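Per the numbering used here, the sequence shown starts with residue 210, numbered consecutively. Cβ coordinates follow ideal geometry from the N, Cα and C atoms, glycine included. Here the structure is a predicted model, which is why all the values come from computation and not from measurement. Report on the following structure.
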Amino acid sequence: MSSQYTWNMPSHPNRIEFERAVEECQRVCQFLETAATPVKLGGWDGHGEPRFLPGIISFNGRGNDSAQTFQIRLDGEGPNACDTDSLQYDIAVRCCLLIFKERVSGFTYTGGPDRPAWEYSRALNENALN
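Right under this line is the structure:
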C-alpha cells in the first residue's frame, strides 16, 4: 500500500472553493479524532495543533506518529507532496485530498493506496459531513 501523494493546485484557484474545502477538511479531521480508533493530528512538526486557515491547511501525525507534513496552500506553493509512511494520519490525508478534488476546480492528486482504501475514505467524508 502506497503512502506517497502528490497534488497540484490550479494556477488561479477559486478562493471560496478553497476555503470551503479547508472547512470541510477540518470537520472531517475533528470527526476522525473522535472515531473508535482516534486519529490524532499535530502541527507541521508533529507537535502543536494542525492549521486550518482560509489560505492553508497543514498537519502531520502527532509525536512519533508523524512523517512528512501534509500542506495545501491557496497560492500553490509547495511542497505539493507528502509521504505519510502509512502512519495513522494517512487516512486524514486521503480524506482531505478527496475533498479538495471535489470542491476546488482543477485540483488534482496522484498516489496513495488501492481503491478500497479510497472508498473507505470517501465513506468517512460522507459520514462526517452529513
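Residue span of the beta strand (DSSP E) that contains residue i, given as start and end
i	result
S261	According to the sequence displayed, residue 261 carries Phe and not Ser. Unbroken beta strand (DSSP E) run through F261: 260 to 262.
T246	No beta strand (DSSP E) holds T246; DSSP gives it neither H nor E.
T278	T278 -> no beta strand (DSSP E), and no H or E assigned at all.
D292	290 to 292
G320	317 to 320
N- and C-terminal bounds of the alpha helix (DSSP H) containing residue i
i	result
D299	299 to 312
Q235	224 to 242
DSSP state of residue i mapped onto helix, strand, coil
i	result
L338	helix
S330	helix
G251	strand
G270	strand
Contact check, residue i vs residue j, beta carbons under 8 Å
i	j	result
I281	S330	no
L333	V231	no
E233	R303	no
G272	G257	no
I266	C291	no
- request: Answer yes if the segment 253 to 265 comes into contact with the segment 319 to 326, meaning at least three C-beta pairs across the two stretches below 8 Å, and no otherwise.
  value: no
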